[in-house]
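**Q** Questions regarding the structure given below will be posed in turn.
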Amino acid sequence: MVTPWTRVECVDFDRHLQAEGHLPAALLMENAGVAVAAAVRRALAELPGGKVLVVVGPGNNGGDALVAGRLLHRAAGIELDLAAPLGVPDRPGGPAAGALEAARALGIQIRLVSVAEAFQALPDLVVDGLFGLGLSRPLEGPALAAVAAMARSPAPVLAVDVPSGLDCDTGAALGATVRARWTVTFVAPKAGFQRELGPEACGLVSVAGIGVSAGYARAWWERRRAQAADAGPQG
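Its first residue numbered 685, the sequence shown is counted upward by one per residue in this note's numbering.
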């Protein structure tokens, strides 16, 4: 069984891969998107149709979803629709903005519509790329409305890394949370997946690598935990 990781551990490992492993953020996002696209294909094998709605968020979770959308664009048997109810990722120089540029270069349209409007196309599968593990405070305003609408999805949902609205450490709903049938998470399951609403929100969890082996990730995690134990409480 893979030991769950905390939000801070996931963020630190991502930074480690970039700084020490010389794996650029854009490559990590590409690898994540490849895993999501593969998970979409597996999910569709269990469903009667091939209409896929990819809901793109404004951050890196949305970037992962955009990469998956690009890889599924014009794939046989898949009818793809991308919607960005909270706007597209546009932080200059960020990997998600690069994913957006690559998608648009292939002629992929990302509709700036509400979740409710996107659902009118009656998708067979919804990919939740709104928010990931970076979400740690209660949702409000348009973000809360978008996640609440996603929670009422008429179709099964595949969540990218973490179901939107779920605190990945505590398993609590940050105002509202998506209920996914599948969650493809990266590197390791998150601590909150087995707490509070975690099991209900995540559904069936699969773990995907983003450029290094599971053994490498575990060795890094064990060193980090050992160093923290040796340091002991401070102050």
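All C-beta atoms, glycine included, are put in the ideal place defined by N, C-alpha and C.
Would you say the region 706 to 718 touches the region 804 to 812, given that touching needs at least three Cβ pairs under 8 angstroms?
**A** No, the region 706 to 718 is not in contact with the region 804 to 812.
**Q** What residues in its chain sit with their C-beta under 6 angstroms from that of K955, if we drop five residues either side in the sequence?
**A** Nothing in the structure corresponds to residue 955, since the chain is present only between 685 and 919.
**Q** Quick one: give me the first and last residue of the alpha helix (DSSP H) that G813 is part of.
**A** Run containing G813: none in the alpha helix (DSSP H); it sits in the beta strand (DSSP E), L809 to G813.
**Q** How big is the Cα-Cα spacing for L766 and L756?
**A** Cα to Cα, L766 sits roughly 11 angstroms from L756.
**Q** Give me the DSSP bridge partner(s) of D765.
**A** The partner list for D765 (beta bridge, DSSP) reads L737.
**Q** Taking just the CA atoms, how far does A912 sit from T861?
**A** Cα to Cα, T861 sits roughly 32 angstroms from A912.
**Q** Below 8 angstroms, can you find three or more Cβ-Cβ pairs linking the region 880 to 889 to the region 698 to 706?
**A** The region 880 to 889, when compared against the region 698 to 706, does not touch it at the 8 angstroms Cβ threshold.
**Q** So, with DSSP's three-state summary, where would you put L712?
**A** In the structure shown, L712 sits in a helix (DSSP, three-state: H, G or I).
**Q** May I ask you to report which of helix, strand or coil DSSP gives G919?
**A** With a pLDDT of 49 at G919, under the threshold of 50, the predicted position of this residue should be treated as unreliable, and no value is reported.
**Q** Which of the three DSSP states is assigned to R795 in this structure?
**A** R795: strand per DSSP, three-state reduction.
**Q** Measure the alpha-carbon distance for G859 versus L881 and round it to whole angstroms.
**A** C-alpha separation (whole angstroms): 12 angstroms.
**Q** Helix or strand or just coil, what does DSSP make of L823?
**A** L823: coil per DSSP, three-state reduction.
**Q** Roughly how many angstroms separate the alpha carbons of G747 and L731, rounded to a whole number?
**A** The straight-line gap from Cα to Cα measures roughly 25 angstroms.
**Q** For V740 and A839, what's the separation of their Cα atoms in angstroms?
**A** If I take the Cα positions, the gap works out to 16 angstroms.
**Q** Helix, strand or coil: how does DSSP classify L701 here?
**A** In this structure, L701 counts as helix in the three-state DSSP scheme.
**Q** For Q793 and R725, I'd like the C-alpha separation in whole angstroms.
**A** So the alpha carbons of these two residues sit roughly 21 angstroms apart.
**Q** Expressed to the nearest angstrom, what Euclidean distance is found between the alpha-carbon atoms of V831 and T854?
**A** If you take the alpha carbons of V831 and T854, they lie about 18 angstroms apart.
**Q** Hey, W866 and W689 are a contact pair by Cβ (cut 8 angstroms); roughly how many whole angstroms apart?
**A** Rounded, the Cβ-Cβ distance is 19 angstroms, inconsistent with contact.
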